[in-house]
Amino acid sequence: MSPWLLGPVQAALALLLAPGLVGAIRWMKARLQNRSGAPPWQPYLELRKLFAKEVVVSNNASWLFRAAPFIVFGSTVAVTLLVPLLAVPLPFDGAGDLLVVVYLLLLGTFFLALAGLDPGSPFGGMGASREMTVAALAEPTMALAIFALAWSAGSTNLGHIAARVLATPTEALAPGHVLAFAAIFVVTLAETGRLPVDNPATHLELTMIHEAMVLEYSGRYLALIEWAAALKLLVFFTLLGNLFAPWGIAAALTPGALLWAVLTLALKLLALGGVVALVETHIAKLRLFRVPELLSASFILALLAVTASFLLR
Amino acid sequence: MRALFLLLIAGYASGAAAALALGTGALSRWASALGAIVGASAGLALAAGVCIRGAAFSLDAPGFFGPVGGMAFTLDPLGAVFLALTSLVAAPSALYGAGYARLWEGRPALRQVGFMLNVFLLTMSLVPLAGGTLTFLLVWEGMSLSSYFLVMTESDEPEVVSAGQWYLAMTQIGLACLLGSFLLLQSGGPGGFSALRAAALTLPPGTRDAVFALALIGFGSKAGLIPLHVWLPRAHPAAPSHVSALMSGAMIKMGIYGLLRVSLDLLGGGPAWWGGLVLALGAVSALLGVLYALMEHDLKSLLAYHSVENIGLITMGVGAGLLFGSLQMPAAATLALVAALYHTVNHAVFKGLLFLGAGAVLHATGMRDMNRLGGLIRGMPWTAALFLVGSAAISGLPPLNGFVSEWLLFQSLLPGIGAPSPLVAVLMVLSLGMLALTAGLCAACFVKAFGITFLAIPRSPEAAAAHEVSWSMRAGMVVLAVACLVLSIGAFEIVPRLSSFVAPLVGVAGPAPSFSVGLALQTPGGFARMSPALVAAGLALVVLTAWLAVKAFASRRPVRVGETWGCGRVVQTPRMEYTATAFAEPLRRIFAAVYRPSEDVSVDFHPDSRYFVQSISYHSAIVPWFERYLYAPVISRVRSWSERVLALQSGSAHAYLTYLVLALVLLLGWLVVTGQP
Numbered sequence: 385m386s387p388w389l390l391g392p393v394q395a396a397l398a399l400l401l402a403p404g405l406v407g408a409i410r411w412m413k414a415r416l417q418n419r420s421g422a423p424p425w426q427p428y429l430e431l432r433k434l435f436a437k438e439v440v441v442s443n444n445a446s447w448l449f450r451a452a453p454f455i456v457f458g459s460t461v462a463v464t465l466l467v468p469l470l471a472v473p474l475p476f477d478g479a480g481d482l483l484v485v486v487y488l489l490l491l492g493t494f495f496l497a498l499a500g501l502d503p504g505s506p507f508g509g510m511g512a513s514r515e516m517t518v519a520a521l522a523e524p525t526m527a528l529a530i531f532a533l534a535w536s537a538g539s540t541n542l543g544h545i546a547a548r549v550l551a552t553p554t555e556a557l558a559p560g561h562v563l564a565f566a567a568i569f570v571v572t573l574a575e576t577g578r579l580p581v582d583n584p585a586t587h588l589e590l591t592m593i594h595e596a597m598v599l600e601y602s603g604r605y606l607a608l609i610e611w612a613a614a615l616k617l618l619v620f621f622t623l624l625g626n627l628f629a630p631w632g633i634a635a636a637l638t639p640g641a642l643l644w645a646v647l648t649l650a651l652k653l654l655a656l657g658g659v660v661a662l663v664e665t666h667i668a669k670l671r672l673f674r675v676p677e678l679l680s681a682s683f684i685l686a687l688l689a690v691t692a693s694f695l696l697r
Numbered sequence: 010m011r012a013l014f015l016l017l018i019a020g021y022a023s024g025a026a027a028a029l030a031l032g033t034g035a036l037s038r039w040a041s042a043l044g045a046i047v048g049a050s051a052g053l054a055l056a057a058g059v060c061i062r063g064a065a066f067s068l069d070a071p072g073f074f075g076p077v078g079g080m081a082f083t084l085d086p087l088g089a090v091f092l093a094l095t096s097l098v099a100a101p102s103a104l105y106g107a108g109y110a111r112l113w114e115g116r117p118a119l120r121q122v123g124f125m126l127n128v129f130l131l132t133m134s135l136v137p138l139a140g141g142t143l144t145f146l147l148v149w150e151g152m153s154l155s156s157y158f159l160v161m162t163e164s165d166e167p168e169v170v171s172a173g174q175w176y177l178a179m180t181q182i183g184l185a186c187l188l189g190s191f192l193l194l195q196s197g198g199p200g201g202f203s204a205l206r207a208a209a210l211t212l213p214p215g216t217r218d219a220v221f222a223l224a225l226i227g228f229g230s231k232a233g234l235i236p237l238h239v240w241l242p243r244a245h246p247a248a249p250s251h252v253s254a255l256m257s258g259a260m261i262k263m264g265i266y267g268l269l270r271v272s273l274d275l276l277g278g279g280p281a282w283w284g285g286l287v288l289a290l291g292a293v294s295a296l297l298g299v300l301y302a303l304m305e306h307d308l309k310s311l312l313a314y315h316s317v318e319n320i321g322l323i324t325m326g327v328g329a330g331l332l333f334g335s336l337q338m339p340a341a342a343t344l345a346l347v348a349a350l351y352h353t354v355n356h357a358v359f360k361g362l363l364f365l366g367a368g369a370v371l372h373a374t375g376m377r378d379m380n381r382l383g384g385l386i387r388g389m390p391w392t393a394a395l396f397l398v399g400s401a402a403i404s405g406l407p408p409l410n411g412f413v414s415e416w417l418l419f420q421s422l423l424p425g426i427g428a429p430s431p432l433v434a435v436l437m438v439l440s441l442g443m444l445a446l447t448a449g450l451c452a453a454c455f456v457k458a459f460g461i462t463f464l465a466i467p468r469s470p471e472a473a474a475a476h477e478v479s480w481s482m483r484a485g486m487v488v489l490a491v492a493c494l495v496l497s498i499g500a501f502e503i504v505p506r507l508s509s510f511v512a513p514l515v516g517v518a519g520p521a522p523s524f525s526v527g528l529a530l531q532t533p534g535g536f537a538r539m540s541p542a543l544v545a546a547g548l549a550l551v552v553l554t555a556w557l558a559v560k561a562f563a564s565r566r567p568v569r570v571g572e573t574w575g576c577g578r579v580v581q582t583p584r585m586e587y588t589a590t591a592f593a594e595p596l597r598r599i600f601a602a603v604y605r606p607s608e609d610v611s612v613d614f615h616p617d618s619r620y621f622v623q624s625i626s627y628h629s630a631i632v633p634w635f636e637r638y639l640y641a642p643v644i645s646r647v648r649s650w651s652e653r654v655l656a657l658q659s660g661s662a663h664a665y666l667t668y669l670v671l672a673l674v675l676l677l678g679w680l681v682v683t684g685q686p
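In order, the protein sequence lines correspond to chains A and B. Counted the way the numbering used here counts, the first sequence spans residues 385 to 697. Counted the way the numbering used here counts, the second sequence spans residues 10 to 686.
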């Protein structure tokens, strides 16, 4: 296979797997809570239904409201071209590094927050304000965790980091790496709107963050946003899975290696999804003003990760 | 080159003359703008010439101010970057100003602004051209005074007068420090920069430190570094908007220019604490700047605080450059300085754009208070789209220029952990965290600034009735918005050039590192690679594909327009919307320790029962602590001293005669004591 095809293949695979990941987490969570729950493929049916439905747009909304879903979706798909989903070396590794991933995701958040404000509903404003607050507070943790990872791997480019850990497996257990993993895990919960920061299942006004922001969306626009949200979760899981434990990722573009890479990726996603389901079953949502405490704890973890990398350099 | 230099002066001078001579009508507006545009184009061409050839241009004019040594002009590539960014903002601002100035038709203000704007642009363009101390200080003061007069355009408002006083005081304190700095540096010799450069090497370390410290205060007050920034959030809202764009886009950058010129070029770098101090000041300015911007609901004050923030980011780059330079890490130092210079140019462009956008809003609605705006995207689609471009650029979002320079800044701090001293490593890591927090908060702030101002339902009748501004104002903004994209995509061409300008300053032996491979940027040692052009292309491609796919495969039922869902309320009013205050409320609570807001709640109960509340009034204010603890005591001290001095001025002629006699007696006594004839 040509290496240049890997980009589109990655994007297509990520788009295909993302709704399943969300469905699987919901299903596992239901089982952990002794409910039978919807089948794991439910999100695919929801997407199909939403794409076929009529769109209702608020009379206060402007063109930005209609453009935002495409920007949110597009920026998230663009990220899937940069993350090491299946194989290293990545063809587009030179186009962007981990910082570009963070900024592309911020681009999506920025436009989603603007779209939340656009219809003039108090819910949208509330969601936008909270989402941007959480996003801003998660940035320092992410930056420092990247710093710790990059320092031990000698690069901020994702393919390099994964390849480095593959080459020296002991690196994966270095304290800097483990602490950075923990820090990014907390950021994942915050950035993808999971408990204890945001409750993906709620539609209670006072506790919503992400759901409040997208409350005015319907039909194909909502489908794009939901899909992008699932994709963002998959991207973060892939970062956690393939930067810190890249085993299984294909080193050559042969069908066998790629198939094995898809399998291990699916397993890693399921395992991380299981952890999130477990966390969401055991932890209640934090009050909004307790969230900074959680994020400062993750910042301390990232700081420790950097310190460990510094001491063991 | 010489011809371009003369054209620069002639353009601005003719613009100024036209403003004085042609009255207060449309002719004067356009003629003075045309002069400025000619001057700016010549400036841009001159700067481009020096940048491309890589060789300095110099011109001596011993005839001007002959008795004190004459004027000398030199433009090296470092200066050319600053001349380029000044001219880049000047031309669109002048074009915009031609439309904006219709406001003052038939009033003397038109003449004053037309004249002073050209003088301001001329002196500001000459600052990076100055080749000696005297020339530098003359054009520097010319720039400060002309901008003071521009701030005072609407001087019948007390707010403006107060802003002008703050600005004048800060800029004169800065000038005093610069005079001190140059006096110490000069130590008797002639004032040409090349002579100073040679003499600076032989200065004792204590003097060098003093020169640096005074220059840092002097230039820092112009740049708006915290705690010397107090004039910015006052003067920027008071000034006409295209003047704010120029002050914020170009003038405060001259502080950065001066700092680079004195600390790196003339002094040739210094001990590690210089860089550490500058880096720490930058990080604090960046974070506090954005935190105060979040609490600001006056659109132009908000932008002014963002200038403090961005100057902080630039200063972080300069500080990291100085620090790495002193630690003998020339490649890292070059990268940091490239990031700083690149962000300087980028900030000039997007902040210019944002101030012009804010000016368009002010022009259309007469308001700057975001809590009374809203819904402008319908009446002013051009301004809204262009302001959105500026907001995305300043928030560091790909694929615009702010993203590229912020990426470079991040990358330039990363080598810090490899520094030999743990203290430096700690400083770098903390700066990195602050940089990331600043970037995140900046995005939050611009969601607020754009979302509350331009989206949703108008919050006042003025906002509902807003109309798009004139074509010249729009054209000025379009030029800057296009520049935001060009400066991002062209990074692979710009970065190697900037690198070749700054590398000699930090002692890179041999050719300058290019930091660029094909379309991508690459940091030293291949540590990181990123291509703004490919990111832009990829994003455009993916968004377009998604749009086409949705168009092809999703439901084709037409979009139905309905009402915003509101839990069954009967009618939606603007009072139900989130305001700027509400948007920033979570962050205000989280950072309450920094803001220390004063809150005052008073509840009016019904006279018969405390269970019935008649009204609740809530007031909250945030007074920045440096104003309360740093400036307030100084101001009250100065005031009490002046009042004591006032006692001398009793108004009685007898008292004044007594002073004369006393002075005479004292003088005679002094002559007797010292024994002079």
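We put the beta carbon where it would ideally sit given N, CA and C, even for glycine.
Cβ neighbour criterion (16 or more within 10 Å) applied to residue i
i, result
"Y604/B", "buried"
"H628/B", "exposed"
"C186/B", "buried"
Closer than 8 angstroms to chain A by CB, residue i
i, result
"P520/B", "no"
"Y314/B", "no"
"P606/B", "no"
"R538/B", "yes"
"E572/B", "yes"
"I386/B", "yes"
Short CB-CB distance (under 8 angstroms) between residue i and chain B
i, result
"L590/A", "no"
"Y487/A", "yes"
"P387/A", "no"
"A519/A", "yes"
"G504/A", "yes"
"W631/A", "no"
"P555/A", "It should be pointed out that residue 555/A corresponds to Glu in this sequence rather than to Pro. Chain B, which has no Cβ nearer than 8 angstroms to the Cβ of E555/A, makes this no."
"E610/A", "no"
Continuous beta strand (DSSP E) stretch holding residue i: start and end
i, result
"M80/B", "M80 to L84"
"F614/B", "S607 to F614"
"S624/B", "V622 to A630"
"R569/B", "R569 to G571"
Residues bridged to residue i (per DSSP)
i, result
"M539/B", "L530/B"
"L68/B", "F82/B"
"A139/B", "F82/B"
"G201/B", "G141/B"
"S525/B", "L530/B"
Contact belief for residue i with residue j at Cβ below 8 angstroms, rounded distance in angstroms
i, j, result
"V492/A", "V456/A", "First, the amino acid is wrong: residue 492/A is Gly here, not Val. Right, the Cβ-Cβ distance comes to about 4 angstroms (below 8 angstroms), so this counts as a contact."
"E477/B", "P408/B", "About 27 angstroms separates the two Cβ atoms, so there is no contact after all."
"G298/B", "G321/B", "6 angstroms"
"I466/B", "N444/A", "5 angstroms"
"A329/B", "L288/B", "6 angstroms"
"P468/A", "L542/A", "5 angstroms"
"L94/B", "A259/B", "6 angstroms"
"H306/B", "A589/B", "4 angstroms"
Where the alpha helix (DSSP H) through residue i begins and ends
i, result
"L422/B", "N410 to L422"
"V456/B", "P431 to F463"
"V440/A", "Element bounds for V440/A: not the alpha helix (DSSP H) but the beta strand (DSSP E), V440 to S442."
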